[in-house]
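Student: In order, the protein sequence lines correspond to chains A, B, C, D and E.
For what it's worth, this note's numbering labels the leading residue of the first sequence as 170, then goes sequentially.
For what it's worth, this note's numbering labels the leading residue of the second sequence as 170, then goes sequentially.
For what it's worth, this note's numbering labels the leading residue of the third sequence as 170, then goes sequentially.
For what it's worth, this note's numbering labels the leading residue of the fourth sequence as 170, then goes sequentially.
For what it's worth, this note's numbering labels the leading residue of the fifth sequence as 170, then goes sequentially.
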Amino acid sequence: MMNSEPRRKQSKKTGLLPGSLVYTGAQALPTQISLLRYDAEHFELFENLTVDSAIESVGQSTVNWLIINGFENIEALEKLGTHFGIPALILEDIFNVQHMPKVEDNGNSLFITLKSLSLKSKGKEIEAEQISLFLGANILITFQEKPSQLFDSIIERLQAGKGKGRSRQEDFLAYLLIDHIVDQYYLLLDNSEEQIEKLEQMLLKSPTDELAFLFLDFKKNLSLMRKTIYPLKEEIRYLSREDTEIIQPITRQHLSDIHDHLSHIIQSLDSYREMISAMMDLLLANNSNRMNSIMKTLTLVSTIFIPLTFAAGIYGMNFKYMPELEWKLGYPIFLFLMLCAGLGMYIYMKRKRWF
Amino acid sequence: MMNSEPRRKQSKKTGLLPGSLVYTGAQALPTQISLLRYDAEHFELFENLTVDSAIESVGQSTVNWLIINGFENIEALEKLGTHFGIPALILEDIFNVQHMPKVEDNGNSLFITLKSLSLKSKGKEIEAEQISLFLGANILITFQEKPSQLFDSIIERLQAGKGKGRSRQEDFLAYLLIDHIVDQYYLLLDNSEEQIEKLEQMLLKSPTDELAFLFLDFKKNLSLMRKTIYPLKEEIRYLSREDTEIIQPITRQHLSDIHDHLSHIIQSLDSYREMISAMMDLLLANNSNRMNSIMKTLTLVSTIFIPLTFAAGIYGMNFKYMPELEWKLGYPIFLFLMLCAGLGMYIYMKRKRWF
Amino acid sequence: MMNSEPRRKQSKKTGLLPGSLVYTGAQALPTQISLLRYDAEHFELFENLTVDSAIESVGQSTVNWLIINGFENIEALEKLGTHFGIPALILEDIFNVQHMPKVEDNGNSLFITLKSLSLKSKGKEIEAEQISLFLGANILITFQEKPSQLFDSIIERLQAGKGKGRSRQEDFLAYLLIDHIVDQYYLLLDNSEEQIEKLEQMLLKSPTDELAFLFLDFKKNLSLMRKTIYPLKEEIRYLSREDTEIIQPITRQHLSDIHDHLSHIIQSLDSYREMISAMMDLLLANNSNRMNSIMKTLTLVSTIFIPLTFAAGIYGMNFKYMPELEWKLGYPIFLFLMLCAGLGMYIYMKRKRWF
Amino acid sequence: MMNSEPRRKQSKKTGLLPGSLVYTGAQALPTQISLLRYDAEHFELFENLTVDSAIESVGQSTVNWLIINGFENIEALEKLGTHFGIPALILEDIFNVQHMPKVEDNGNSLFITLKSLSLKSKGKEIEAEQISLFLGANILITFQEKPSQLFDSIIERLQAGKGKGRSRQEDFLAYLLIDHIVDQYYLLLDNSEEQIEKLEQMLLKSPTDELAFLFLDFKKNLSLMRKTIYPLKEEIRYLSREDTEIIQPITRQHLSDIHDHLSHIIQSLDSYREMISAMMDLLLANNSNRMNSIMKTLTLVSTIFIPLTFAAGIYGMNFKYMPELEWKLGYPIFLFLMLCAGLGMYIYMKRKRWF
Amino acid sequence: MMNSEPRRKQSKKTGLLPGSLVYTGAQALPTQISLLRYDAEHFELFENLTVDSAIESVGQSTVNWLIINGFENIEALEKLGTHFGIPALILEDIFNVQHMPKVEDNGNSLFITLKSLSLKSKGKEIEAEQISLFLGANILITFQEKPSQLFDSIIERLQAGKGKGRSRQEDFLAYLLIDHIVDQYYLLLDNSEEQIEKLEQMLLKSPTDELAFLFLDFKKNLSLMRKTIYPLKEEIRYLSREDTEIIQPITRQHLSDIHDHLSHIIQSLDSYREMISAMMDLLLANNSNRMNSIMKTLTLVSTIFIPLTFAAGIYGMNFKYMPELEWKLGYPIFLFLMLCAGLGMYIYMKRKRWF
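(1) Within 8 Å (strictly less), CB to CB, does Leu283/E reach chain A?
(2) If I measure Cβ to Cβ from Ile281/A and keep anything under 6 Å in the same chain, skipping five residues before and after, which residues do I get?
(3) How many angstroms separate the CA atom of Asn217/A from the CA atom of Ser203/A?
(4) According to DSSP, what are the bridge partners of Tyr207/E?
(5) Could you spell out the range, first to last residue, of the beta strand (DSSP E) harbouring Asp274/C?
(6) Would you mind listing the beta strand (DSSP E) stretches within the segment 364-404 of chain B that are 3+ residues and don't spill past its ends, in chain order?
(7) Sorted by chain position, which residues of the same chain lie with C-beta nearer than 6 Å to Gly250/C's C-beta, five sequence neighbours on each side aside?
(8) Going by the CB atoms, is the gap between Ile295/D and Leu357/D shorter than 8 Å?
(9) Run through chain C and tell me which residues come within less than 7 Å of Ile483/B, C-beta to C-beta.
(10) Less than 6 Å between C-beta atoms, sequence neighbours within five positions excluded: which residues of the same chain meet that for Ile236/E?
(11) Within the present structure, is the beta-carbon of Glu314/B separated from the nearest heavy atom of the ligand NAP by less than 7 Å?
(12) In the segment 443-465 of chain A, which residues sit with their C-beta less than 9 Å from some C-beta in chain E, listed in chain order?
(13) Under 8 Å between C-beta atoms, does Leu508/B make it to chain C?
(14) How about Glu339/E and Leu304/E: are their beta carbons less than 8 Å apart?
(15) If you compare alpha carbons, which of Glu247/C, Ala209/C, Glu404/C, Ala447/C is closest to Thr231/C?
(16) For Asn265/B, is the classification buried or exposed, using 16 other Cβ atoms within 10 angstroms of its Cβ as the cut-off for buried?
(17) In whole angstroms, give me the CA-to-CA distance for Thr468/C and Thr466/B.
(18) Anything in the segment 215-243 of chain A with a Cβ closer than 8 Å to a Cβ of chain E? List those residues in chain order, please.
(19) Quick one: any contact between the segment 364-380 of chain C and the segment 448-461 of chain C, if contact means 3 or more CB pairs under 8 Å?
(20) Please work out which residues of its chain come closer than 7 Å, Cβ to Cβ, to Tyr515/D, disregarding the five sequence neighbours upstream and downstream, and give them in chain order.
(21) Could you tell me the distance, in whole angstroms, from the CA atom of Asp274/D to the CA atom of Leu408/D?
(22) If distances are taken between C-alpha atoms only, which option among Ile255/A, Met269/A, Asp262/A, Pro270/A comes closest to Gly276/A?
(23) Who are the Cβ neighbours of Pro400/A in its own chain at under 8 Å, not counting the five residues just before and after it?
(24) Using only CA atoms, which one of Phe212/C, Ile224/C, Ser278/C lies nearest to Gly330/C?
(25) Taking Cβ-Cβ distances shorter than 9 Å, what residues in chain C pair up with Met269/D?
(26) Whose Cβ in chain D lies nearer than 8 Å to the Cβ of Tyr133/E?
(27) Got a sec? Which residues, its chain only, sit under 6 Å from Arg176/D by beta carbon, not counting five neighbours each side?
(28) Give me the Cα-Cα distance between Lys367/C and Asn390/C, rounded to the nearest whole angstrom.
(29) If the criterion is Cβ atoms closer than 8 Å, does the pair Met448/B and Leu504/B meet it?
(30) Quick one, are the C-beta atoms of Ile475/C and Ser471/D less than 8 Å apart?
(31) Following the continuous alpha helix (DSSP H) through Gly250/B, name the residue where it begins and the one where it ends.
(32) Which residues in chain E sit within 7 Å of Tyr500/A, going by Cβ to Cβ distance?
(33) So, is the C-beta of Thr472/A closer than 8 Å to a C-beta in chain B?
(34) Using the beta-carbon of each residue, which ones in chain C are nearer than 8 Å to Thr153/D?
(35) Return the residues of the segment 399-429 of chain C that lie within a Cβ-Cβ distance of less than 8 Å from chain B, sorted by chain order.
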């Protein structure tokens, strides 16, 4: 559902001892390691590092952001994880890319896994990518399955600006990343609102049967978004309320802001969902109404003409002795009576308010 | 949905560093600053102040109410906010006019954002305007997107009366404003009740297909109201229960009263919603009933006349040797038999209680 | 909904300073004040008191029950309220006759507002009347909009009996009144059960389209009852659990009993509601079944006779050269074939289990 | 609903002073008192006791079980209740046979009221009988409306066995009784499962319209069972968790077991309920499918033969100058064209996948 | 439902004294006892033990896993249970194979009962088998109804590997077993996703009436899975949070991981369920659409040809004096008019957008 690429078996890990590191995605991409090192005055970006060079390059007094893409070289990543104190169970969660959003607080380190959502190229389906953040002493490590431009704008702004962002610690950087991912959700929300307005107009203009399928597709997207965003909201709320050693009070306030945004998104999704249900009801009502009006026409025509046809049939019979047939005015009288009967029928039905 | 003006992109803030002050509404209006200064004996209203003159005019021993309309001059407002100790994150919330109702208690100051609801000129759609209250030491500041007459009656009553209202502190003034906004909700509630009665009568008199669309529109309004009012209720409840430094016990009792009102409104909205669902069911049942009665007529007519037509068709055939055709009484006998068949059919159907 | 009298605007209080005493009902009736004074040995009833005489007549060592009907003279009532220590906000709630049931514990006094429910004269609609009880030191004051016979039986029993009731305090008297109101709910419950059985029989005997409207009316009544009773249940539960100074332990046990009753009522209402939904489903199913059987008849008749009519039409054509017409046995053969065709059709449809 | 005997007015107690002992059932039966007295070595059963002889017969060092059937002699029972310390409010609950299951812990005594459920003789309707247990110091008293064989098997086993049951206290005996009643629920559960399988097969074989009514009846039974069992579950859970003086730890563990059973029953009832809803949906779908196939036949026949009949009608007209009538091959050509038209129509509809 | 073998009466235990050990399954299989004994260096597997030899073989310093299949010899198992300190009530739960998943913490021992789920050979129905784990001092005992290969892979891996698994205690072994069972759930989840995709394609390609039955079957499976997995999730959560003496902190973390997996499964099941509902709606909509298009054809044909047939019938009448019949151009004019009428009708309906 979440991905039309070679489907990921959710049971890929079945039959392994727990703690085994297994990438559960479709196809592992080459591992790329970059390091961003900055403080209020300095800013350095190292690319294509090996695990060893990455470990060496981490600065003591700067903010360190280790960016990891691609999970092909699991052994190297395990080594790296061990060096920076990532617990084995958390490493497992990082490579299990179908994990639900969650936050795990280990006292002196913090692990956050969440999904970034974006529209696929064709524009209707939603793609989810898992992003994991490990916030340790003096370092933030992010893990992604594929190289992406997702955080480019943040890197650029950090490089350019010397303001608030640069003088804060890793916890604030983590907040910046989460905030950026949540901003992506807003793009999807806008897209959803556009789509719902389009669907509403289609419903008003041409309530055809294909709409039901469009409604279903839209509902699926909403459901996927809710499924991805709701647990994140709960986790962020936890972070913003609890006293975590590793998150400073000011960052906590910012996280509380993110929680507000996520609440707003969830609420909007729920109201879209409701609206879609209401529109589905309308579509069904509309269909049954059109059916009604079709049946009315059928009934009108049949009720008027079937009896008349019988009457005409009578005078088409070949009985020898049918006095009416000999009358001079037989034909005009018949026509007149038929007209009366038809009109009478029509008026009767009008009175019953069928038309 | 909430606004048919140029649609506000919910993602307007995407790509900005958090803490940036951005107005998320459609079009920023010029900033207007007024100050109301009163105590039990005095009452002064200053209009068209600049930020500096506003800061200077605030009295030491009086109640101060700073009224701000229009968010064009964000820098000036930021300066004002800084002077009166409004945290940056709260300033951000003030300018984000799609924020959900919330209360934030910062120990020695209190921030409340909520929506006033009113009917649009055409009378069917509901318009929501965000109103933010900042209650600091010795001052109440209100923020609105547009100039409005919303609080005029309160200002007048304060000016006129020398009673309770004038001798209380800013927290009571804040309560007065919230109470006034909640009173607006009651106007909408009355309007909803009128509409529901109208819809009920339409359902009884002429259950046409357009009703379904009216039901949907009404449901949308109810949903918007609930979405706006429910979080406010929860927040007010928090205010009325918790020990906040800045709200005096007597005001807390009044807030508890507001909470009762909001509960009542929510309950009414929920019962309206239920009623609309029941009416929708009735409409569908009604449609299917009309369909039934139409089909019955069709069946009655067809079942009687189609066989008769066949019989007439038989005696219209041109076979050489059809003895009945030669009978003297052939025609009258035929007519008589047809009459019997028709009547028999009719009685059979009557007995089966179809009609 | 709750009242077919001149509709009460829920917004009547809009635009007033809070704390203003306003009667929100349709039409204020003249204020009548009575006082009941009794202990185990004595029993006195004073009627048509003024506020001053009422205040004077209150006994020191007896149980005092001040009965107030009609809210025309709000100033007098305010004076009375002030004398007996009724807080202003509670006075406001008393005159707001659309208030939801609630209990307010002020330490040394207790305020309870609830609704008595009764069937209107015509017997289908439910009428709600607000009754407020203020339990202060040494006095119980009850407030009603209209004079009524509701509590007459209690007064009589108090006058007659010298038993338990007479030797208890005001809190027990309050319990007696609430218990009596809850007993009224049982009358409505019985009525509802009767109605539901009647509706069930109507559904079985003559499932006509009007039933749907009766179901809706019934559902509305259930909904009104639930809305009125549920909050009361919660409040009574609070009273029976919490340590309130003014309610003695023994009365608390009795209140716990009332809570049981209210739970039972709510549960019954919910099961009635469920049953009505199930019956509505059955009605719809029934309608669609009747529709089916009507359509079957139409199809049976049409499927048999329309082709036969075509066949008869063929031999009614006037082509010069139609050999069959000349055959001696043409007519009987035709009739026989038609009979076969008709029977074949009928058997085919029987086999397909349509009939 | 629960009883087709003379309906019990739920309002029977309306208008009485609280604490009045009133039997709310249909018809009070003569009061019968028995006493069971046993310990590990002895076992005695006394029948047809008077209140006084019952009180005298209670043993000091044995387990005492007082069995009371029939509530005709309320005064005697009141006397008995007073002697064994049953509070007045609890006596009231015992005689109110429509009371919901509940547990009341009075410190040194425990009151439990619940319902035994059984199938009525005809086998479809469920009958509920109220059973009340009062567990006091050194005695267990059970109250039932009617004499029944319900506990006979327990008495026999107690008489026969010398095992665990005989050497335990009254609290264990109470547990035995409750467990026995819960076992009865399992019988009903089995019966329900049988019925649901029967209904499922009926749905597959002959989905007639009567099934809907059977579904409704079944749903009512499920609803009655749930209503009776759910509150009991909650109460038993309370008993098994809280520290009650009168229940020994080992009995508490057994009660926890009963709670597991009741949870299982509730869960099964809920899944039956769900299944019935799904089956109802299927039935509706099935009906609409049959309707569809009937309509298809009607359409097939009408669409083919109505135009053909018109064509035949044309050549049955009596216009003087109709050249085709004179053609030698007119008739065969006509027949051939008709055949083509009919086949063409049929193929067209086949292609559209209507059949 | 859960089993098509001879149905297990849920009431099998009715009428027995509580604490009696009764196997509630269909047919008890011979009891087989095996023992696995290992530590980091050693690994021994004993098969076909008697109770006595099993008790003797348990090692002091090794991990002991006693595997029991088949419940025929209940006495022997009771003896074994008594030796290892299994409380009687828990033994009862073990043999009651319809017990819901639960965890019971007795301080120094822990009892867990859960279900393994697998697809039956035919591949559509789900089979549940109860597995009970008793974790005592120095021993883990597992109970299964039937011999199975379920844990073979774990035994093999324990035999092969010398790693983490072998050096941990019994609590970790218990975790391994539970984890393995949860892995089986993932296999079912994958199967469900495949099925849902298949159903979706069937819905798009050939939305026949049989789909509704397939939907129902699928829904039943989902419901069974949820019913089995949800309580387990809750219990595992309890285990992973509470401080249990017998479970070490590191195992607790692993259990928390299992809880995450179970949450994910439940969430997926819920989203499948939702999707099935949406697809059912689509199927219904689709059916009603096909019905509509069939009705349209019927109406089109009838509305055009029934009036025309009447017209033809008129000129088939045998009145003596019908002037039109004598006209030279009577026939062509008639045909032309009929064509016009038919076309007009057709265009009218096209305009009304019926086709």
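We put the CB at the ideal spot given by N, CA and C, even for glycine.
No experiment lies behind these values; they were computed from the predicted model shown.
Tutor: According to the structure data:
(1) No - not a single Cβ of chain A is within 8 Å of the one on Leu283/E.
(2) Taken in chain order, the residues that qualify are Val272, Leu302.
(3) The straight-line gap from Cα to Cα measures roughly 6 Å.
(4) The partner list for Tyr207/E (beta bridge, DSSP) reads Phe212/E, Val232/E.
(5) Where Asp274/C is concerned, the enclosing beta strand (DSSP E) stretches over 271-274.
(6) Listed in chain order, nothing qualifies, since the segment 364-404 of chain B has no complete beta strand (DSSP E) run of 3 or more residues.
(7) So the qualifying residues of the chain are Leu260.
(8) Yes. Within cutoff.
(9) In chain order: Ala481.
(10) Ser203, Thr311, listed in sequence order.
(11) The ligand NAP is absent from the structure shown, which contains no ligand whatsoever.
(12) Listed by position along the chain: Met449, Leu452, Leu453, Asn456, Ser457, Arg459, Met460, Ser462, Ile463, Met464.
(13) No, Leu508/B does not count as interfacial toward chain C.
(14) Cβ atoms of Glu339/E and Leu304/E: closer than 8 Å.
(15) Comparing Cα positions, the closest option is Ala209/C.
(16) Note on Asn265/B: 16 or more other CB atoms within 10 angstroms of its CB, so buried under the neighbour-count rule.
(17) Roughly 14 Å separates the two Cα atoms.
(18) Residues passing the 8 Å Cβ filter: none.
(19) With the cut-off at 8 Å, the segment 364-380 of chain C and the segment 448-461 of chain C touch.
(20) Closer than 7 Å at Cβ, skipping near neighbours: Ile473.
(21) Here the C-alpha atom of Asp274/D lies approximately 9 Å from the C-alpha atom of Leu408/D.
(22) Looking at Ile255/A, Met269/A, Asp262/A, Pro270/A, the one whose alpha-carbon comes closest to that of Gly276/A is Ile255/A.
(23) Closer than 8 Å at Cβ, skipping near neighbours: Met269, Pro270, Lys271.
(24) When C-alpha distances from Gly330/C are compared across Phe212/C, Ile224/C, Ser278/C, the shortest belongs to Phe212/C.
(25) What Met269/D touches in chain C: Asp429, Ser432, His433, Gln436.
(26) The structure shown has nothing for residue 133/E, since chain E only spans 170 to 524.
(27) Annotation note: pLDDT 40 at Arg176/D (below 50); position unreliable, no value reported.
(28) For Lys367/C and Asn390/C, the distance between alpha carbons rounds to 16 Å.
(29) In this structure, Leu504/B does not lie closer than 8 Å to Met448/B by Cβ.
(30) Yes, they are a contact pair.
(31) Gly250/B -> alpha helix (DSSP H) spans 243-252.
(32) Per Cβ cutoff of 7 Å: Phe488, Tyr490, Met491.
(33) So yes, Thr472/A belongs to the interface.
(34) Any property of residue 153/D remains undetermined from this structure, which presents chain D solely from 170 to 524.
(35) Within the segment 399-429 of chain C, no residue has its Cβ closer than 8 Å to any Cβ of chain B.
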